[in-house]
Amino acid sequence: METQLVKPNAGTMASLFPAVTNTSSANVQFVRDMFNKMAMKELVSYNVMIAICVNNSMPTEAVEIFSQIESKWLEPDPVTIASVLPACGDLSALELGKREYVLGLML
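Everything in the sequence shown is counted per full-length UniProt numbering, starting at 1 for the first residue and increasing by one.
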């Protein structure tokens, strides 16, 4: 993709999701690198990256990406909440999980 000078975007991320959901950490790192290179990230890109991290037993990374959403002043949607809650459980991050659960109820 990069050799063709095509920049990754939300569509690219969404299409990569099925290929890397339960695969090696090297592939997850490749997708993470693409995500980091995206000039403009949309909420769907963050949601996909959170889900990839959760599905590959990387809850800390999932919560870090969720924190980026908040720092960019993006509004989490129900998909965001549903994606990050398992990571909160894996990390025993009870307070964060409660906050996201309440936020999800308000959506």
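Just so you know, even glycine gets a beta-carbon here, dropped at the ideal spot from N, CA and C.
Worksheet item: Under the three-state reduction of DSSP, which class applies to Ser-71: helix, strand or coil?
Response: Looking at Ser-71 - three-state DSSP - the assignment turns out to be helix.
Discussion item. Does Thr-80 pass the burial test, meaning 16 or more other C-beta atoms within 10 Å, or should it be called exposed?
Written reply: Buried: at least 16 other Cβ atoms inside 10 Å.
Item to complete: Following the continuous alpha helix (DSSP H) through Met-40, name the residue where it begins and the one where it ends.
Response: Annotation: Met-40 is outside any alpha helix (DSSP H) and is labelled neither H nor E by DSSP.
Discussion item. Does Leu-91 come out as helix, strand or coil in the three-state DSSP assignment?
Written reply: Annotated three-state conformation of Leu-91 is coil, per DSSP.
Worksheet item: What whole-angstrom Cβ distance do Pro-59 and Ala-82 have, given they're in contact under 8 Å?
Response: Rounded, the Cβ-Cβ distance is 14 Å, inconsistent with contact.
Discussion item. Going by beta-carbon coordinates alone, are Gln-29 and Tyr-46 separated by less than 8 Å?
Written reply: Taking the C-beta atoms as reference points, Tyr-46 is found no nearer than 8 Å to Gln-29.
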